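Each remark here refers to the structure printed beneath this line.
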């Protein structure tokens, strides 16, 4: 008979295994089973995973939940087994993934009518991959789960196989991500050669005594490349817009909401546990901050330059992961806390916006801003949901996005980067402004009638996901959108959210305690966090400022022909943007060339200061 | 183990990546991807290799080996890696077939659906 604690320590393994088993069951019965049964099994499984991970997260607050799979417990601090570790951040990210999968499945319930059980099966495998990736304490398993979620994601991206853009996007996504993973595996192999072990706690103990030699720097760069590809950092980001623009809407929710942030999670999981004691913090911090800022700026500019709404949201995700990298890249507790809050808030808002893009696609048969000018004026609720989503993305308090942004800005300032608040406000305002611009055009018919332009991918060829265009929004589509927006709101309103994030961040960066707890099984009590409130005055003001600037950006773009200053200012900018657009060529060879260039640059950034 | 095996591993990975950059055919690009992955098999096996070591097979009940044995962990990893490769290659080739159906070409230079 299992004791209660034993049962809890099984949860990390169960949360990975249950969706895989359910996916196999669905594959077996999917042909004959009626669609409601398939939907029911898939939704019930993901709801079960949500419940398991919620219990795990509650326990992780009192100490990490350790599971040496198959009871290969360490003897004298050594084990060849593999370990799953549920700490607050790992369990929290996994819980976020499970919640989003559940909502995406509910959204697909009556919406994605043509699909068979493959779709549900792939969604559950994707969930298993993400949960495993978040909970594993083993570097090689990170590679395996990276590829498991990758393979499910490639298949889901190309799910609309009749759609010419979908298959191209899926192939680009697959090649770039897999190549990134293999480069990461080279780094993992090199680390194994040095240390003879690949569990994160043992790597931590073994490397803490090493000087930083060329092999360790090279393996850091290789492993980092893999996770930065997943995290869509410039110049590894090209696959993201192609994949997001073409994947079915409920799948985009998972990509933007959690899969891409998981890349950032892995960067810092591995940095803190394996490399933090070997490599000097200053060189690594500079690398992260420069890379994050570059990503945020390029993402924001490309976001504003899109007319395909899903592609626009995809570039906005690139801009926001850049901000997460800047916040967590400060390598402080409060920076990590800011990134955690921002990831959670962003997941709610961005997922809601993607689901709204699905509503747009399946009512009007297009997601193109220019084609749909004024088409949505007769809607009542949808247009206001778009407005709320746009403002929340821009960081309007009290949404969780604004809280994460405020904490991240503070962290940047206290690490000595005075320009960080400017970057955060500008990027939030531009991305939020782009969403508001589309909303204004499509749902309010505002602004001058747009001129057609063929400089960027148009959104009118997107294949719809329902057999006939919907006359009105279905309740199963509306509920997930409302839940996501309310969740993002709750994150900022609930007292203690910031404090909980600080505590989780403190445990996340305390790698010595992680290693000790995993190897000896003895809980290590961390120092208590002083109580902090959610909001500061400057945070609220900067949030209001970026929301206001977003409205101005949208208005400027909508009425550009009437505002002479705006038109002159943007004309010069347009030429630069066209150059940037030309780089996003949709050519997989170009993307690989950028990937290799980025890796070399990364090596130079980390390696040269060490000489 | 001599350093050459490691150099070969990295070389094979880079050749594969270069092949994708220069590719004029998506099937060729997918095969180049699996060539790049072969670099990782070489690396993993090189890490576990010892000259004059026996395979890591023990009797039952396990007796303590008298001679050096090759590292079994990396061999297990290489096997997992091969399974991953088979999945990804099959999936990507299927997508390449579908691209041919939709675009009537498998030359990445002629695919122009996604730009900017």
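Chains as they are written, first to last, in this note's numbering: chain A, 35 to 645; chain B, 2 to 117. C-beta: ideal position from N, C-alpha, C; glycine also. Keep in mind it's a predicted model, so treat the numbers as computed, not measured.
| said: Can you check whether the C-beta of residue 104(B) is within less than 7 Å of a C-beta belonging to chain A? | reply: Yes, its Cβ sits closer than 7 Å to a Cβ of chain A.
| Do residue 31(B) and residue 112(B) have their C-beta atoms closer together than 7 Å? | no
| Can you find a C-beta in chain B that's less than 7 Å from the C-beta of residue 205(A)? | yes
| N- and C-terminal bounds of the alpha helix (DSSP H) containing residue 467(A) | 454–478
| query | Along chain A, which residues have their Cβ under 8 Å away from the Cβ of residue 110(B)? | reply | Simply 621.
| query | Is residue 39(B) close to chain A, meaning its C-beta is less than 7 Å from at least one C-beta of that chain? | reply | no
| task | Just the chain B side, please: which residues come within less than 7 Å of residue 212(A) by C-beta, in chain order? | result | 34, 89
| request: Only counting runs of 4 or more residues, tell me where the alpha helix (DSSP H) segments fall wholly within the stretch 321–380 of chain A, in order along the chain. | output: 343–363
| request: Name, please, each residue of chain B whose Cβ falls closer than 7 Å to the Cβ of residue 630(A). | output: 18
| task | Out of 376(A), 290(A), 238(A), state which residue places its alpha-carbon closest to the alpha-carbon of residue 313(A). | result | 238(A)
| said: Measuring only the C-alpha atoms, how far is residue 54(B) from residue 42(B)? | reply: 19 Å
| message | Output needed in chain order: residues of the stretch 492–508 of chain A with a Cβ under 7 Å from some Cβ in chain D. | response | Of the protein chains in the structure, A and B, none is chain D.
| field | alpha helix (DSSP H) runs wholly inside the stretch 257–299 of chain A, at least 4 long, in chain order | value | 272–280, 283–288
| Residue range of the beta strand (DSSP E) that residue 120(A) falls in? | Counted as a single uninterrupted DSSP element, the beta strand (DSSP E) harbouring residue 120(A) occupies residues 117–120.
| What first and last residue would you give for the alpha helix (DSSP H) that runs through residue 178(A)? | Element bounds for residue 178(A): 173–191.
| request: Determine, using beta carbons only, whether residue 49(A) and residue 89(A) come nearer to each other than 7 Å. | output: no
| field | Residue from 81(A), 342(A), 36(A), 363(A) whose Cα sits closest to the Cα of residue 304(A) | value | 363(A)
| residue 280(A): CB within 6 Å of a non-hydrogen atom of the ligand MG | Summarising the ligand content, the structure contains no ligands, and the ligand MG is consequently not present.
| As assigned by DSSP and simplified to three states, the class of residue 233(A) | strand
| Beta-carbon separation (whole angstroms), residue 507(A) vs residue 416(A), contact threshold 8 Å | 6 Å
| task | Return the residue from the list 498(A), 397(A), 358(A), 126(A) that minimises the CA-CA distance to residue 442(A). | result | 358(A)
| request: Going by CA-CA distance only, name the one from 55(A), 111(A), 136(A) that's closest to residue 81(A). | output: Closest option to residue 81(A), Cα to Cα, is 136(A).
| message | Quick check on residue 106(A): buried or exposed, where buried means 16 or more other Cβ atoms within 10 Å of its Cβ? | response | exposed
| said: Within 10 Å of its beta-carbon, does residue 58(A) have 16 or more other beta-carbons around it, so buried, or fewer, so exposed? | reply: exposed
| field | residue 141(A) beta carbon less than 7 Å from that of residue 511(A) | value | yes
| query | Could you give the uninterrupted runs of the alpha helix (DSSP H) lying entirely in the stretch 407–439 of chain A, keeping only those of 4 residues or more? | reply | 415–427
| request: For my contact list, residue 632(A) and residue 270(A) are in at a C-beta cut-off of 8 Å; report their separation, rounded to the angstrom. | output: 5 Å
| said: For residue 447(A), which residues in the same chain have their Cβ closer than 7 Å to its Cβ, ignoring the five residues on either side in sequence? | reply: 454, 455
| Boundaries (first-last residue) of the beta strand (DSSP E) holding residue 83(B) | That residue, residue 83(B), is in no beta strand (DSSP E); its alpha helix (DSSP H) goes 73–104.
| query | What are the residues that DSSP puts in a beta bridge with residue 206(B)? | reply | In the structure displayed, chain B extends from 2 to 117; residue 206(B) sits before or after that span and is not available.
| task | Spatial neighbours of residue 334(A) within its chain, please: CB distance less than 8 Å, with the 5 preceding and 5 following residues excluded, ordered by chain position. | result | 349, 350, 353, 460, 461, 464, 465
| said: If we define contact as Cβ-Cβ less than 7 Å, is residue 43(B) a contact residue for chain A? | reply: no
| From this set, 300(A), 338(A), 355(A), 345(A), which residue's C-alpha is nearest residue 326(A)'s C-alpha? | 355(A)
| task | Quick one: list the residues of chain A neighbouring residue 24(B), beta-carbon separation under 7 Å, in chain order. | result | 623
| request: Check whether the Cβ atoms of residue 420(A) and residue 473(A) lie closer than 7 Å to each other. | output: yes
| query | Are residue 534(A) and residue 375(A) touching if we call contact CB-CB under 7 Å? | reply | no
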